[in-house]
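Single-structure report; data block below.
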Amino acid sequence: MDVLNAMQVFVSVVETGSFTNAAQSLHMHRPAVSKTIQLLEQRLDGRLLNRSTRSLSMTPEGEAFYHRCKAILDKVGQAMSSLSDRPERLIGKLRVDLPVSVGHLLIIPSLMDFQQLYPGIELTLGTSDKPIDLISEGVDCVVRLGALKDSSLIASGIGYLPMVTCASPAYLARHGVPEQIGDLSKG
């Protein structure tokens, strides 16, 4: 029995609240999850879970074992990522397209730090406020402001950039404070 795998299955059952949910999250068949828990309980010579057709709960031994498993799995994850997440191991070409304002205000000032942190990455930046075809233009990643229009692309939010309207003191002295958009064309 792969004890580490059995611990992962047990933790998933506890955290998802059912064998079915654990099977889905682990991409396993439900009977395989059930069998893993049975074998783990046999190996430990004790019950970890109270099961009925409608509920699932930990025994006191199961709760203690859960906390130990969680700590062990966290340590294993840290050990694995300590080697695989080193910046010097990241190498290759990366082409990113950004809005002009984001590129100039946020990204360009940070490029030297990025290159020092990731010397193996050959970064190519493009700045454009227009939609681009990632495939035909060979772009790996695009950053855009606002909502994504209908697309087959996968998108996720990375931050919030507040938008503000500004005017110089000289403009306001000459034209006053605009109260509606049409007031801007009068100046």
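For the sequence shown, position 23 (counting from the first letter as 1) is numbered 23 according to the UniProt record's numbering, and the numbering increases by one without interruption. Cβ coordinates follow ideal geometry from the N, Cα and C atoms, glycine included. Keep in mind the model is a prediction, meaning the values are calculated, not measured.
In DSSP terms, what residue i is bridged to
| i | result |
| --- | --- |
| L123 | L94 |
| V142 | D97 |
| R47 | According to DSSP, which records beta bridges pairwise, R47 is partnered with nothing at all. |
Between the CA atoms of residue j and residue i - distance to the nearest angstrom
| i | j | result |
| --- | --- | --- |
| D45 | M7 | 15 Å |
| T36 | M80 | 24 Å |
| R174 | T165 | 17 Å |
| E137 | D129 | 15 Å |
| E41 | R47 | 6 Å |
| R43 | S82 | 31 Å |
| L148 | P131 | 10 Å |
| Y118 | H67 | 36 Å |
| M112 | F19 | 49 Å |
| Q115 | S101 | 21 Å |
| G159 | P109 | 18 Å |
| N21 | E179 | 55 Å |
| L184 | R89 | 53 Å |
| T59 | Q78 | 28 Å |
| G126 | D140 | 11 Å |
| L56 | N5 | 20 Å |
| R30 | V9 | 11 Å |
| Y171 | G182 | 15 Å |
| S34 | P162 | 49 Å |
| L134 | H104 | 21 Å |
Residue span of the beta strand (DSSP E) that contains residue i, given as start and end
| i | result |
| --- | --- |
| S57 | 56-58 |
Contact set for residue i: own chain, Cβ-Cβ below 6 Å, skip 5 residues either direction
| i | result |
| --- | --- |
| L123 | L94 |
| L145 | P99 |
The alpha helix (DSSP H) enclosing residue i, as first and last residue numbers
| i | result |
| --- | --- |
| E15 | 3-16 |
| E137 | 134-137 |
| M28 | Premise fails: M28 is in no alpha helix (DSSP H) and is neither H nor E. |
| R174 | 169-175 |
| H106 | For the record, residue 106 in the displayed sequence is Leu; it is not His. It is not in any alpha helix (DSSP H) - L106 carries neither H nor E in the DSSP assignment. |
Buried versus exposed, by CB contacts within 10 Å (16 or more), residue i
| i | result |
| --- | --- |
| C69 | buried |
| D97 | buried |
| V177 | exposed |
| G76 | First, the residue type needs correcting, since residue 76 is Val and not Gly in the sequence shown. Exposed, because fewer than 16 other Cβ atoms sit within 10 Å of the Cβ of V76. |
Sequence-distant residues of its chain with Cβ nearer than 7 Å to residue i (five each side left out)
| i | result |
| --- | --- |
| S25 | S12, T16 |
Residues near residue i by beta carbon distance below 8 Å, same chain, minus five either side
| i | result |
| --- | --- |
| A32 | A23 |
| I91 | G120, I121 |
| V143 | V96, D97, L98, P99, V102, I158 |
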